[in-house]
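One structure is given below, encoded as structure tokens.
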Amino acid sequence: LMGSHQYTCSELIDHALIKPHDGGFLFQHALVRDGAYSSLLKSRRRELHEKAAGWFEERDVTLWALHLDRAESPLAAGAYSDVARHHADQFRFETALEAVTRGLEIAEAPAARYPLLMLQGESLRENGQAAHSIETFRMALEATEVDPERCRALIGLAAGMRITDDYDGALGVLDQAEALAVADSLDTEQSDIHYYRGSIFFPLARIEGCLKEHRAALEAAERARAPEREVRALSGLGDAYYSSGRVLTAFRYFERCISLSREHGFGRVAVDNEFMESWCRVYMNQMEVAGASAAMAIENARQSHNQRAEMVAHVAAARALVEQGRNEDAVVHTDHGFELAKLLGANRFMPFLTIYWAYAREGQGMARGPILTALQEALATAHETGIGFLGPWVLGMMARMHESRDESLAALSEGETLLAGDCVGHNYIAFYSDAMDVSLRHQDWDEAERYSDALEAYTSGEPFPYSDFMIQKTRLLARHGRGEDREATAGSFQQLIDQANTANMLVQRQMLERALAG
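If you're matching positions, the sequence shown starts at 25 in our numbering and goes up one per residue.
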């Protein structure tokens, strides 16, 4: 600042105006600082701020932008964009938004406003304000006439619409973006477009389209040599295989995605997918590991301020806990999940949370009436947000809750009708499992076996431990219910009880023990 390497601050120190601090200097008091600053002419202040900005440029991006701002430099708006990018990459979205807000206050040219609006939209979306992010990306779209920039703004717009469950709107916007991306050979943007389209096809149960889009996302990412897009596409392929009921293949994709994300420092991608590792472990009968994995996913999501990832991790935690008979703990997680879903406007996940709230409340012995009321609301929401995502699962749970055999059968019939159409794979597994239990409760042994055959057929391409256990349990209980000789089934009972103990599947173990004791 003084323009001399020989300058020392000894005289200022002697007069108690400044003091040494951590290799530098501080004013002795704010009044001294303010008095010195106000004594400077504005032109001199700007000159010194510009010099200070030069000093901080490679040392502290925030102070660099601040001094450029005070110097009234035309570079200040762009500097605030760099500040926002820095903080967003560290998951500090509130701080990023503060930098963007100041940048937009001083940015005049559309070319300066566009990158700031893009960062504002991204930070709003990642901070749980998807609806506001949509408005911001629309402003970014209006701020540019450059096709690649318009393409990126459209992608941001679609990403927000996906979170707010505006699937038709998002797909239309992605079609517009794709036309621009293909025309200009924008491989990175094409990867984004295919990824988001595949992610929308997932809850819509467009299974073949989901797999096709995520494969295309990976191919485009490889062409672009964009490693972060590549690992994100792996997560999309995990979703696609999960959607088709191939949960072990899905687990391998999620595991690879998370591992590579951590290895390469793509923390946001890892956090977005950790809950699915927990979710798949339930299908592998690893309930305690699944619960621990979900707890870690929740903590990582909180630390990175990723509310959407935290919300779905609470669903995963509740699921693992319900299987272990820890119903009170499960309700704590569903309550947190409901709060986040309402905050995010993520209506699609409300039925998911209701399902596990219902399982937990059933386990606690709650009256069936309030549970059925909640499930009826969940079914209405499922119709609004895409019945193929969770509809049959909700109906299977409703069948469990109905006291009347006729009402249970009606719910099961409706669920089977839906399963004949396009549904995400977890519906088949959950519905058939619930249908088997309902049939056993009503002593419909043939129906119980029919549903076990249906689950076996659905998982025949890739059987997994959870489905195998449910099928074997149902067939054994049906044999037992028909009065088959106890000595003939005793060994099978003990084998399944041992499996349930090893997996910490308390609910299933108790069901087997009650039947054996009856």
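Every residue gets a Cβ at the ideal spot worked out from N, C-alpha and C, and that includes glycine.
Based on Cα-Cα distance, which residue from the options lies nearest to residue i?
i                 : options                           : result
aspartate 192     : Glu243, Ile224 and Leu90          : Ile224
phenylalanine 226 : His450, Asp477 and Asp468         : His450
alanine 167       : Leu181, Ala133, Arg350 and Met185 : Ala133
threonine 273     : Ser285, Ser283, Leu258 and Glu287 : Leu258
glycine 410       : Asp477, Val271 and Asp189         : Asp189
leucine 368       : Leu90, Gly152 and His91           : Gly152
alanine 95        : Ala77, Asp106 and Ser105          : Ala77
leucine 181       : Ser209, Tyr220, Glu169 and Ala205 : Tyr220
asparagine 351    : Gly387, Ala402, His360 and Gln327 : Gly387
arginine 174      : Val197, Glu287, Ser157 and Ser62  : Val197
leucine 141       : Tyr266, Ser457, Gln467 and Val124 : Val124
glycine 127       : Phe455, Leu235 and Ser105         : Ser105
valine 271        : Phe488, Asp171 and Ser283         : Phe488
leucine 284       : Arg253, Ala264 and Ser267         : Arg253
glutamine 12      : Arg499, Asp509, Glu486 and Glu440 : Coverage of the chain is limited to positions 25 through 542, which leaves residue 12 absent and any answer about it impossible.
aspartate 208     : Leu228, Gln534, Gly184 and Asp171 : Asp171
glutamine 534     : Lys497, Arg247, Glu508 and Ala512 : Lys497
isoleucine 322    : Gln348, Gly289 and His357         : His357
phenylalanine 455 : Ser62, Tyr138, Glu438 and Gly420  : Gly420
glutamine 348     : Ala316, Gly361, Met320 and Lys366 : Ala316
Is residue j closer than 8 Å to residue i when the C-beta atoms are compared?
i              : j              : result
leucine 148    : leucine 165    : no
glycine 222    : alanine 250    : no
arginine 385   : glutamate 427  : no
alanine 524    : glutamine 532  : yes
glycine 291    : tyrosine 277   : no
alanine 472    : alanine 434    : no
arginine 332   : isoleucine 495 : no
alanine 120    : leucine 99     : no
serine 491     : threonine 483  : yes
methionine 390 : methionine 529 : no
isoleucine 37  : leucine 50     : no
leucine 364    : glutamate 334  : yes
cysteine 281   : valine 255     : yes
alanine 314    : arginine 305   : yes
arginine 230   : aspartate 458  : no
Could you name the residues that DSSP lists as bridge partners for residue i?
i          : result
glycine 48 : His45
Please work out which residues of its chain come closer than 7 Å, Cβ to Cβ, to residue i, disregarding the five sequence neighbours upstream and downstream, and give them in chain order.
i                 : result
valine 462        : Ala423, Arg424, Ser432 and Leu436
alanine 354       : Ala342, Leu345, Val346, Tyr380 and Ala384
alanine 318       : Phe299, Ser302, Ala337, Ala340, Ala341 and Ala344
glutamate 81      : Trp88
phenylalanine 117 : Ser147, Glu150, Asn151 and His329
alanine 539       : Leu501 and His504
alanine 244       : Asp211, Gln214, Ser215 and His218
leucine 228       : Tyr191, Gly410 and Gly412
phenylalanine 438 : Reading the sequence as shown, one finds glutamate at residue 438 and not phenylalanine. Excluding sequence neighbours, glutamate 438 sits near Leu419.
If you drop the 5 nearest sequence neighbours on each side, which residues of the same chain put their C-beta closer than 8 Å to that of residue i?
i                 : result
alanine 406       : Pro375, Phe413, Leu414, Gly415 and Val418
phenylalanine 493 : Asn309, Leu520, Gln523, Ala524, Ala527, Met529 and Gln532
Which residues in the same chain have their Cβ closer than 6 Å to the Cβ of residue i, if we skip the five residues on either side of it in sequence?
i              : result
methionine 308 : Pro489
serine 268     : Ile231 and Gly449
The region 363-374 contacting the region 340-351, beta-carbon criterion three pairs below 8 Å: No: the two stretches stay apart, fewer than three of their Cβ pairs being nearer than 8 Å.
When the Cβ atoms of the region 82-96 are set against those of the region 107-119, are three or more pairs found closer than 8 Å? With a cut-off of 8 Å, the region 107-119 and the region 82-96 count as touching, because enough Cβ pairs lie within range.
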